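To start, the structure under review is shown below, and the notes come after it.
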Amino acid sequence: MSTKLTLGPVLFNWKAEYWRDFYFRAADEWDVDTVYVGEVICSKRSPFFEPYYGEVAERLSAAGKKAVFSTLSEIMIPRERKMTKSVCALDDYPVEANDAAALFHLRGKPHYIGQYVNTYNEDTMAHLVKNGAQHFTFPSELYAAALKALVTEAKKLGAGSEIMVFGRAPLALSARCYHARAHNKIKDNCQFVCENDPDGMELRTVDGKAFLTINGVQTMSHSYMNLAQEVPEMMRWGLDYIRLSPHTLDMGTVIEAFQGVVQGRCEPLEAIRKIQEIDASLKFSNGFFYHKPGYLWQYAA
Amino acid sequence: MHLPNNSPELVCPAGTPAALRTAVDAGADTVYCGFQNATNARNFPGLNFTPEEMEESVDYAHKRGKKVLLALNTFPPAGQTLLWKQAVADGVRLGVDAMIVADIGVAHHIATTYPDQRLHLSVQAGAPSVEAIRYYCEEFGVKRVVLPRILSIPEIKQLKSEIPCEIETFIFGNQGLMAEGRCSLTNFVSGVSTNFDGVCSPPSDVTFYEDKNNMLCSQLGEFTIDCFSCAQGAGYPTICKGKYIAPHRDDPYYAFEEPISLNLFDLLPQMIGAGIEAFKIEGRQRSRAYIRQVVSTWRLAVDSVMQGKTIPKADLVALTEGQKETTGAFRSKKWR
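Protein chains in written order, with the numbering used here: chain X, -10 to 290; chain U, 132 to 467.
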């Protein structure tokens, strides 16, 4: 099987109609195999998107794309527990677990493991497979040798493997909302200020260096992880899927560039150039893959 | 107030064998520590125990009726699990009273290879919900969960009624901001991972310099984390307690949290009343003098509550980070 493209769940607080139309475009226009739907970061945002879940999932399925529902990445209060339970009860679509609470509900039923579950090694993977996991997306901070071992082991266990190759890297989660805090508010009275920043809120260092991005309770890299150069190597390992994380920039071009690399039509450096053309100010990083500081960017040898 | 029959355990940190003896002598019921490698989340130079030191330390504690917990709370990356399995085997051989684990693979290994070994779920496993905790209890027979510092006391009390294991909460020390076990900020900046190298803000990557305005700036890797005037004490540069610039704010601000420590001294009676089984003091990298003072202060406080006496006033603020303290999420959900 050749490597296929997936669109990860939208991580930001987009306007609901924009969010819906993004998924409609994914269904109608974009050459991706699997599309993840569902609120992963903040349970307070979910009610905006829920009315569209059915429509979006049906449109994706009708277009021959696999829709997978992702669960919240951090679950503590009753609302979040209830939300997770109901997503895990879905029968028509596979569910991607992003927290141990979802693992609890999904035991004994085929399911996906998302990148917010710490699948760092073979033993963890084997245990999760025993309970029904059949597909893994590995944490972004892992380096090539570990990823290769995980992809190889997934094959042995009969599970699918997926690695995020484009988008702001997820770096941390918290119970506290940093978007609200930046506006002198608290999470319970946040007034959804995160909707002002559809790709997250930039944080610079005191000496002005671009550094991090805030997305509600999540902290991400400022740079966009871009593993276009590394995709051919990952394909040689037998990687099944590469994940592109949605942003407001021209995702059609990003998808086309990575499809070109996967299908051997486009050199990785050409793909990178095409993505850079979307916005000259985009900064890329690929340090994690090389077991170096994650923010670093290097051209492959 | 309703008090439990048994006094809650006071769980104290030990970065060295000398610190362990100090903690035991100062009144700890239980001491937690780790080996000198990536198998635990405080993998710093000069810290932690060799297997020989662990053996002597377990002996020292057991002779005095105290317990030793082994922190094995990091996530082995694929291809490297043997190091963790060796640490588990050493811990079993040396008779540690429980192992504090975070990784599903490590928990699975212990539960299947050493079914009699008592397991605690580390805060690094990031399990604050009924279902997440029950998952680990049912899958691996976990006997105690160390809760993340994100729940209020009423929330902990409610949680306790719905889970089949003991609860351990932090009461003093570093206030962790990011969900433990799910933070790659250090790796992003320095190339070493909190999750699989056991390092947060490694000292080898920390530098200080004076900028053109004579401000003292702290740096982690290539990134300036904070700037201080002469009048302020310079904090240790962890990313989540740094000052940053956001688009709509005029001045740099503590985007995540200011340098501050968790101190639940005033909430102790309520926490004991909530039925929490164990209270944890943070700080394996701290000095023996610090351990002695903090542990003996908390010993007196716990004993006073259990005997129905007033807790003697204690000045712990001098021992907190930046001499600032918070009750974090424990007193009020407004913290979020």
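Built from N, CA and C at the ideal position, the CB exists for glycine as well.
Because the structure is a prediction, the values reported are computed rather than measured.
Under the DSSP assignment, U/Asn318 falls outside any beta strand (DSSP E), being part of the alpha helix (DSSP H) whose first and last residues are 316 to 321. Along the segment 263 to 284 of chain X, the positions whose C-beta sits under 8 Å from a C-beta of chain U are Gly276, Phe277, His280, Lys281, Pro282, Gly283, Tyr284, read in chain order. C-alpha of X/Pro36 to C-alpha of X/Met72: approximately 10 Å in a straight line. In chain order, Thr60, Leu61, Ser62, Glu63, Ile64, Thr73, Tyr105, Val106 place their CB closer than 8 Å to the CB of X/Asp88, counting only its own chain and leaving out the 5 sequence neighbours on each side. For a Cβ distance threshold of 9 Å, residue set Asn107, Tyr109, Asn110, Asp112, Thr113 of chain X lies close to U/Asp234, ordered along the chain.
Among the residues facing chain U, X/Arg165 is included, as its CB has a counterpart in that chain under 8 Å away. Excluding five sequence positions before and after U/Val330, the CB atoms of its chain that fall closer than 6 Å to its own CB belong to Asn174, Val323, given in chain order. For U/His240, the enclosing alpha helix (DSSP H) has its first and last residue at 235 to 244. Inter-segment contact for the segment 306 to 313 of chain U and the segment 388 to 396 of chain U is present: three or more beta-carbon pairs are separated by less than 8 Å.
Among the residues of the segment 179 to 198 of chain X, those with a Cβ less than 8 Å away from any Cβ of chain U are Met190, Glu191, Leu192, Arg193, Thr194, Val195, Asp196, Gly197, Lys198, in the order of the chain.
In this structure X/Ala135 is buried. Its beta-carbon is surrounded by 16 or more other beta-carbon atoms within 10 angstroms. Where X/Ser59 is concerned, the enclosing beta strand (DSSP E) starts and stops at 55 to 59. Across the set X/Glu28, X/Phe273, X/Pro159, the C-alpha of X/Glu28 shows the shortest separation from the C-alpha of X/Arg9.
With respect to chain U, the C-beta atom of X/Leu92 has a partner C-beta closer than 8 Å. Take the alpha-carbon of X/Ala246 and the one of X/Ile261: they are about 8 Å apart.
Using a 10 angstroms sphere on the CB of U/Lys465, the tally of other CB atoms stays under 16, which defines it as exposed. With a cutoff of 8 Å on beta-carbon distance, U/Ile281 and X/Ala164 are scored as near each other. In this structure, the CA atom of X/Asp239 is about 40 Å from the CA atom of X/Lys119. Closer than 8 Å to the CB of X/Met65 there is at least one CB belonging to chain U. DSSP lists X/Ile231 as the bridge partner or partners of X/Leu(-6). For X/Asp177, the nearest beta carbon of chain U is closer than 8 Å to its own beta carbon. Positions of the alpha helix (DSSP H) runs, each at least 4 residues long and wholly inside the segment 274 to 320 of chain U, are given as 284 to 291 in order along the chain. It is roughly 10 Å from the alpha-carbon of U/Phe166 to the alpha-carbon of U/Glu183.
Of the residues X/Thr202, X/Phe200, X/Gly241, X/Asp196, the one whose Cα lies closest to the Cα of U/Asp342 is X/Asp196. The beta-bridge partner set that DSSP reports for U/Glu456 consists of U/Ser392. When 8 Å is used as the limit between beta carbons, X/Ile203 is near these residues of chain U: Ala377, Ala386, in chain order. Fully enclosed alpha helix (DSSP H) runs of no fewer than 4 residues occupy 133 to 146, 167 to 171 of the segment 122 to 193 of chain X, in order along the chain. Relative to the Cα of U/Ala263, the nearest Cα in the group X/Lys144, X/Tyr12, X/Ala143, X/Phe93 belongs to X/Phe93.
Among the residues facing chain U, X/Thr242 is not included, as its CB has no counterpart in that chain under 8 Å away. For X/Arg70, at least one C-beta of chain U is nearer than 8 Å to its own C-beta. Annotation for X/Phe11: no residue places its beta carbon closer than 6 Å to its own, counting only its chain and skipping 5 residues before and after. Residues of chain X with a Cβ closer than 8 Å to the Cβ of U/Thr212 are, in chain order, Asn110, Glu111, Asp112. Distance check between X/Asp186 and each of X/Asn173, X/Asn110, X/Lys198, X/Ala169 places X/Ala169 closest, using alpha-carbon atoms only. Contact of U/Ser324 with chain X is assigned, a C-beta pair being separated by under 8 Å.
If you look at X/Tyr25, you'll find it in the beta strand (DSSP E) that goes 23 to 26.
Approximately 6 Å separates the beta-carbon atoms of U/Gly257 and U/Glu311; this is inside 8 Å, confirming the contact.
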